[in-house]
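Quick note: the sequence shown uses this note's numbering, first residue 345, plus one each step. For each residue, glycine too, the CB sits at the ideal point set by N, CA and C.
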Amino acid sequence: MESRNPAFRGSAFDQRAGGYGAQPYGGAGYGAPGYAPAATRPMTMDDVVVRGFLTLATLMITAALAWALVPTSLAAPVLVVALIAEIGIWAFIAFGRKANAATVLAFAAVYGVVVGLVSHSYNDLYHGVVFQAVVGTALAFGATLAVYALRIVRVTPKFARFVMAAGLALIGLMIVNLVVHLFGGDHGIGIRDPGSPLAYIFSVAAILVGCFFLLLDFDAVETGVRTGAPEKFAWYCAFGLVLSLVWIYLEILRLLSYFSGRD
(Lines of atoms letter the chains of each structure in order from A and count residues from 1; the text may use other names and numbers.)
(Lines give C-alpha, C1' and ligand atoms only; values in the text may rest on other atoms or scores of the structure.)
Protein backbone atom coordinates (compact mmCIF):
# COMPACT_ATOMS: atom_id res chain seq x y z
CA MET A 1 0.00 0.00 0.00
CA GLU A 2 1.29 3.48 -0.83
CA SER A 3 -0.13 6.95 -0.63
CA ARG A 4 -2.05 8.18 -3.68
CA ASN A 5 -1.16 11.78 -2.82
CA PRO A 6 2.01 12.84 -4.68
CA ALA A 7 2.74 15.35 -1.91
CA PHE A 8 3.52 12.49 0.44
CA ARG A 9 5.75 10.46 -1.86
CA GLY A 10 9.09 9.76 -0.24
CA SER A 11 7.83 10.42 3.28
CA ALA A 12 7.58 7.87 6.03
CA PHE A 13 4.05 7.21 4.83
CA ASP A 14 5.12 6.01 1.40
CA GLN A 15 5.15 2.26 1.90
CA ARG A 16 6.56 1.06 -1.38
CA ALA A 17 9.38 -0.60 0.56
CA GLY A 18 6.93 -2.91 2.27
CA GLY A 19 5.00 -1.03 4.93
CA TYR A 20 5.65 0.32 8.36
CA GLY A 21 7.36 -2.79 9.56
CA ALA A 22 9.87 -2.82 6.71
CA GLN A 23 13.35 -1.33 6.51
CA PRO A 24 13.09 1.14 3.61
CA TYR A 25 16.77 2.01 3.73
CA GLY A 26 18.06 -1.52 3.67
CA GLY A 27 20.64 -1.05 6.41
CA ALA A 28 21.06 -3.16 9.52
CA GLY A 29 21.29 -0.13 11.81
CA TYR A 30 17.56 0.31 12.33
CA GLY A 31 16.69 -2.16 15.05
CA ALA A 32 20.31 -3.21 15.60
CA PRO A 33 21.68 -3.52 19.14
CA GLY A 34 22.17 -0.13 20.74
CA TYR A 35 19.47 1.58 18.65
CA ALA A 36 15.93 1.69 19.97
CA PRO A 37 13.42 3.62 17.85
CA ALA A 38 11.06 5.85 19.80
CA ALA A 39 7.71 4.26 20.46
CA THR A 40 4.79 5.88 18.72
CA ARG A 41 1.14 5.04 18.52
CA PRO A 42 -0.77 4.76 15.23
CA MET A 43 -2.51 7.78 13.82
CA THR A 44 -6.27 8.03 14.33
CA MET A 45 -8.94 10.04 12.57
CA ASP A 46 -9.25 12.18 15.70
CA ASP A 47 -5.56 13.09 15.38
CA VAL A 48 -6.17 14.41 11.86
CA VAL A 49 -9.32 16.30 12.88
CA VAL A 50 -7.62 17.98 15.86
CA ARG A 51 -4.46 18.91 13.98
CA GLY A 52 -6.41 20.03 10.94
CA PHE A 53 -8.59 22.24 13.14
CA LEU A 54 -5.53 23.74 14.88
CA THR A 55 -3.85 24.44 11.56
CA LEU A 56 -6.91 26.03 10.00
CA ALA A 57 -7.68 28.02 13.17
CA THR A 58 -4.12 29.38 13.22
CA LEU A 59 -4.44 30.45 9.60
CA MET A 60 -7.79 32.15 10.21
CA ILE A 61 -6.55 34.01 13.30
CA THR A 62 -3.47 35.43 11.55
CA ALA A 63 -5.59 36.24 8.49
CA ALA A 64 -8.00 38.22 10.66
CA LEU A 65 -5.12 40.01 12.42
CA ALA A 66 -3.47 40.91 9.11
CA TRP A 67 -6.79 42.18 7.78
CA ALA A 68 -7.41 44.34 10.85
CA LEU A 69 -3.93 45.54 11.77
CA VAL A 70 -1.87 45.96 8.58
CA PRO A 71 -2.50 49.41 7.08
CA THR A 72 -3.03 49.73 3.36
CA SER A 73 0.26 51.59 2.94
CA LEU A 74 2.20 48.61 4.32
CA ALA A 75 0.14 45.84 2.74
CA ALA A 76 2.40 45.34 -0.29
CA PRO A 77 5.76 44.99 1.55
CA VAL A 78 4.20 42.83 4.29
CA LEU A 79 2.65 40.62 1.61
CA VAL A 80 6.00 40.16 -0.15
CA VAL A 81 7.78 39.24 3.09
CA ALA A 82 4.99 36.83 4.06
CA LEU A 83 5.07 35.19 0.63
CA ILE A 84 8.83 34.63 0.85
CA ALA A 85 8.49 33.16 4.34
CA GLU A 86 5.56 31.01 3.25
CA ILE A 87 7.46 29.55 0.29
CA GLY A 88 10.49 28.86 2.47
CA ILE A 89 8.53 27.01 5.15
CA TRP A 90 6.51 25.14 2.51
CA ALA A 91 9.72 23.94 0.83
CA PHE A 92 11.17 22.89 4.20
CA ILE A 93 8.08 20.80 4.95
CA ALA A 94 7.53 19.42 1.45
CA PHE A 95 11.12 18.59 0.53
CA GLY A 96 12.68 18.21 3.95
CA ARG A 97 9.82 16.01 5.21
CA LYS A 98 9.70 17.96 8.46
CA ALA A 99 5.99 18.21 9.17
CA ASN A 100 5.41 18.68 12.89
CA ALA A 101 3.47 21.03 15.13
CA ALA A 102 6.05 23.83 14.93
CA THR A 103 6.58 23.83 11.16
CA VAL A 104 2.96 23.29 10.12
CA LEU A 105 1.55 25.89 12.50
CA ALA A 106 4.30 28.35 11.50
CA PHE A 107 3.38 27.79 7.86
CA ALA A 108 -0.31 28.31 8.67
CA ALA A 109 0.45 31.53 10.55
CA VAL A 110 2.47 33.02 7.69
CA TYR A 111 0.04 31.78 5.05
CA GLY A 112 -2.77 33.36 7.06
CA VAL A 113 -1.12 36.75 6.70
CA VAL A 114 -1.06 36.29 2.92
CA VAL A 115 -4.69 35.16 2.83
CA GLY A 116 -5.79 38.02 5.09
CA LEU A 117 -4.12 40.72 3.02
CA VAL A 118 -5.35 39.30 -0.29
CA SER A 119 -8.89 38.91 1.08
CA HIS A 120 -8.91 42.47 2.41
CA SER A 121 -7.87 43.89 -0.94
CA TYR A 122 -10.59 41.92 -2.73
CA ASN A 123 -13.23 42.93 -0.22
CA ASP A 124 -12.30 46.60 -0.62
CA LEU A 125 -12.95 46.30 -4.35
CA TYR A 126 -15.87 43.86 -4.27
CA HIS A 127 -17.74 44.24 -0.99
CA GLY A 128 -19.06 40.95 0.43
CA VAL A 129 -17.12 38.71 -1.94
CA VAL A 130 -14.95 37.26 0.87
CA PHE A 131 -17.96 35.94 2.79
CA GLN A 132 -19.32 34.41 -0.41
CA ALA A 133 -15.94 32.76 -1.09
CA VAL A 134 -15.81 31.30 2.44
CA VAL A 135 -19.30 29.83 2.01
CA GLY A 136 -18.35 28.51 -1.42
CA THR A 137 -15.22 26.86 -0.02
CA ALA A 138 -17.20 25.19 2.76
CA LEU A 139 -19.70 23.88 0.21
CA ALA A 140 -16.89 22.63 -2.04
CA PHE A 141 -15.29 20.83 0.92
CA GLY A 142 -18.57 19.20 1.90
CA ALA A 143 -19.38 18.15 -1.67
CA THR A 144 -15.89 16.71 -2.21
CA LEU A 145 -16.05 14.79 1.07
CA ALA A 146 -19.44 13.36 0.04
CA VAL A 147 -18.07 12.37 -3.38
CA TYR A 148 -15.17 10.60 -1.69
CA ALA A 149 -17.27 8.90 1.01
CA LEU A 150 -19.76 7.61 -1.57
CA ARG A 151 -16.90 6.45 -3.84
CA ILE A 152 -18.34 8.40 -6.76
CA VAL A 153 -14.75 9.14 -7.74
CA ARG A 154 -12.17 6.52 -6.84
CA VAL A 155 -8.65 7.63 -6.02
CA THR A 156 -6.27 5.44 -8.02
CA PRO A 157 -2.61 5.87 -8.98
CA LYS A 158 -3.74 6.93 -12.47
CA PHE A 159 -6.08 9.54 -10.97
CA ALA A 160 -3.28 10.83 -8.69
CA ARG A 161 -0.94 11.22 -11.70
CA PHE A 162 -3.64 13.10 -13.59
CA VAL A 163 -4.26 15.48 -10.67
CA MET A 164 -0.55 16.13 -10.23
CA ALA A 165 -0.10 16.82 -13.96
CA ALA A 166 -3.14 19.14 -13.99
CA GLY A 167 -1.87 21.05 -10.96
CA LEU A 168 1.57 21.52 -12.49
CA ALA A 169 -0.01 22.62 -15.77
CA LEU A 170 -2.10 25.26 -14.01
CA ILE A 171 0.90 26.57 -12.09
CA GLY A 172 2.92 26.63 -15.31
CA LEU A 173 0.23 28.67 -17.06
CA MET A 174 0.13 31.14 -14.15
CA ILE A 175 3.90 31.60 -14.36
CA VAL A 176 3.75 32.15 -18.14
CA ASN A 177 0.90 34.61 -17.65
CA LEU A 178 2.93 36.54 -15.06
CA VAL A 179 6.03 36.66 -17.27
CA VAL A 180 4.04 37.90 -20.28
CA HIS A 181 2.38 40.52 -18.09
CA LEU A 182 5.73 41.73 -16.73
CA PHE A 183 7.17 42.08 -20.23
CA GLY A 184 4.45 44.24 -21.71
CA GLY A 185 1.26 42.24 -21.97
CA ASP A 186 -1.50 44.16 -20.19
CA HIS A 187 -3.43 41.00 -19.31
CA GLY A 188 -0.79 38.34 -19.86
CA ILE A 189 -2.20 35.44 -21.87
CA GLY A 190 -5.76 36.19 -20.73
CA ILE A 191 -6.23 33.58 -18.00
CA ARG A 192 -6.59 36.30 -15.33
CA ASP A 193 -8.34 38.93 -17.45
CA PRO A 194 -11.98 39.37 -16.33
CA GLY A 195 -12.87 40.39 -19.86
CA SER A 196 -11.66 37.13 -21.36
CA PRO A 197 -13.63 33.85 -21.41
CA LEU A 198 -10.33 32.11 -20.69
CA ALA A 199 -10.31 33.64 -17.21
CA TYR A 200 -13.61 32.01 -16.30
CA ILE A 201 -12.56 28.65 -17.74
CA PHE A 202 -9.21 28.79 -15.96
CA SER A 203 -10.74 29.62 -12.56
CA VAL A 204 -13.32 26.84 -12.83
CA ALA A 205 -10.59 24.39 -13.82
CA ALA A 206 -8.43 25.55 -10.90
CA ILE A 207 -11.31 25.05 -8.45
CA LEU A 208 -11.92 21.54 -9.78
CA VAL A 209 -8.24 20.65 -9.49
CA GLY A 210 -8.26 21.96 -5.92
CA CYS A 211 -11.17 19.62 -5.17
CA PHE A 212 -9.26 16.76 -6.79
CA PHE A 213 -6.33 17.48 -4.48
CA LEU A 214 -8.78 17.29 -1.57
CA LEU A 215 -9.72 13.81 -2.76
CA LEU A 216 -6.03 12.84 -2.61
CA ASP A 217 -5.84 14.30 0.90
CA PHE A 218 -8.88 12.30 2.03
CA ASP A 219 -7.34 9.15 0.59
CA ALA A 220 -4.05 9.82 2.37
CA VAL A 221 -5.88 10.23 5.68
CA GLU A 222 -7.95 7.08 5.22
CA THR A 223 -4.98 5.01 4.09
CA GLY A 224 -2.82 6.30 6.93
CA VAL A 225 -5.41 5.37 9.55
CA ARG A 226 -6.06 1.98 7.99
CA THR A 227 -2.40 0.98 7.68
CA GLY A 228 -1.22 2.30 11.04
CA ALA A 229 0.76 5.36 10.03
CA PRO A 230 2.58 6.95 12.99
CA GLU A 231 0.82 9.70 14.89
CA LYS A 232 3.08 12.42 13.50
CA PHE A 233 1.77 11.76 9.98
CA ALA A 234 -1.41 13.59 11.04
CA TRP A 235 0.55 16.84 10.66
CA TYR A 236 1.30 16.00 7.02
CA CYS A 237 -2.43 15.40 6.50
CA ALA A 238 -3.34 18.71 8.15
CA PHE A 239 -0.74 20.48 6.00
CA GLY A 240 -2.15 19.00 2.78
CA LEU A 241 -5.77 19.68 3.68
CA VAL A 242 -5.12 23.35 4.46
CA LEU A 243 -3.13 23.82 1.25
CA SER A 244 -6.00 22.39 -0.81
CA LEU A 245 -8.66 24.42 1.01
CA VAL A 246 -6.81 27.71 0.58
CA TRP A 247 -6.20 26.95 -3.10
CA ILE A 248 -9.97 26.44 -3.55
CA TYR A 249 -10.82 29.54 -1.51
CA LEU A 250 -8.53 31.86 -3.48
CA GLU A 251 -9.79 30.59 -6.82
CA ILE A 252 -13.43 30.93 -5.76
CA LEU A 253 -12.63 34.44 -4.52
CA ARG A 254 -11.18 35.37 -7.89
CA LEU A 255 -14.02 33.77 -9.84
CA LEU A 256 -16.67 35.57 -7.78
CA SER A 257 -14.87 38.88 -8.32
CA TYR A 258 -15.48 38.50 -12.07
CA PHE A 259 -19.21 38.70 -11.42
CA SER A 260 -19.03 41.53 -8.87
CA GLY A 261 -19.09 45.21 -9.64
CA ARG A 262 -16.50 47.43 -7.98
CA ASP A 263 -17.66 49.44 -4.97
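Taking only the alpha-carbon atoms, compute the straight-line gap between residue i and residue j and give it to the nearest angstrom.
| i | j | result |
| --- | --- | --- |
| Pro538 | Arg385 | 51 Å |
| Phe562 | Leu587 | 13 Å |
| Ala393 | Phe583 | Looking at the sequence itself, residue 393 is Val, so the reference to Ala does not match. Each residue's alpha carbon lies about 12 Å from the other. |
| Thr416 | Tyr455 | 18 Å |
| Arg495 | Phe485 | 15 Å |
| Ala457 | Tyr492 | Note on residue identity: the sequence assigns Val, not Ala, to residue 457. Their backbone Cα atoms lie some 31 Å apart in a straight line. |
| Leu413 | Leu423 | 13 Å |
| Ile551 | Val459 | 17 Å |
| Leu612 | Ala453 | This structure gives no information on residue 612, because the portion of the chain shown stretches from 345 to 607. |
| Val590 | Gly532 | 24 Å |
| Ser632 | Thr571 | Not covered by the structure: residue 632. The range shown for the chain is 345 to 607. |
| Val548 | Ile405 | 28 Å |
| Arg598 | Ala429 | 23 Å |
| Ala564 | Gly528 | 43 Å |
| Ala327 | Arg395 | This structure cannot settle anything about residue 327, because the visible part of the chain is limited to 345 through 607. |
| Gly440 | Tyr580 | 12 Å |
| Gly516 | Leu403 | 26 Å |
| Ala420 | Val462 | 10 Å |
| Ala504 | Tyr466 | 32 Å |
| Thr488 | Leu449 | 25 Å |
| Val497 | Thr399 | 27 Å |
| Ala446 | Leu483 | 30 Å |
| Ala543 | Val425 | 28 Å |
| Leu427 | Leu594 | 15 Å |
| Gly480 | Ile592 | 9 Å |
| Leu409 | Arg536 | 28 Å |
| Met389 | Thr500 | 21 Å |
| Ile596 | Leu469 | 15 Å |
What residues are listed by DSSP as bridge partners for residue i?
| i | result |
| --- | --- |
| Pro541 | For Pro541, which the question treats as bridged, DSSP gives no partner whatsoever. |
| Pro386 | Pro574 |
Can you tell me whether residue i is helix, strand or coil according to DSSP?
| i | result |
| --- | --- |
| Pro501 | helix |
| Arg441 | coil |
| Arg536 | coil |
| Phe527 | coil |
| Ile496 | coil |
| Tyr455 | helix |
| Tyr470 | coil |
Could you pull the start and end residues of the alpha helix (DSSP H) that residue i belongs to?
| i | result |
| --- | --- |
| Ala578 | Phe577 to Tyr602 |
| Pro415 | Pro415 -> no alpha helix (DSSP H), and no H or E assigned at all. |
| Leu483 | Val473 to Ala493 |
Measure the beta-carbon distance from residue i to residue j and round it to whole angstroms, keeping in mind my assumption that it falls under 8 Å.
| i | j | result |
| --- | --- | --- |
| Asp391 | Glu575 | 6 Å |
| Val478 | Gly511 | Going by Cβ atoms, the distance from Val478 to Gly511 rounds to 23 Å, so no, they are not a contact pair. |
| Ser604 | Val473 | 5 Å |
| Phe556 | Val507 | 4 Å |
Is there a Cβ from chain B that is less than 8 Å from the Cβ of residue i?
| i | result |
| --- | --- |
| Asp530 | Absent from the structure: chain B. Only one protein chain is present. |
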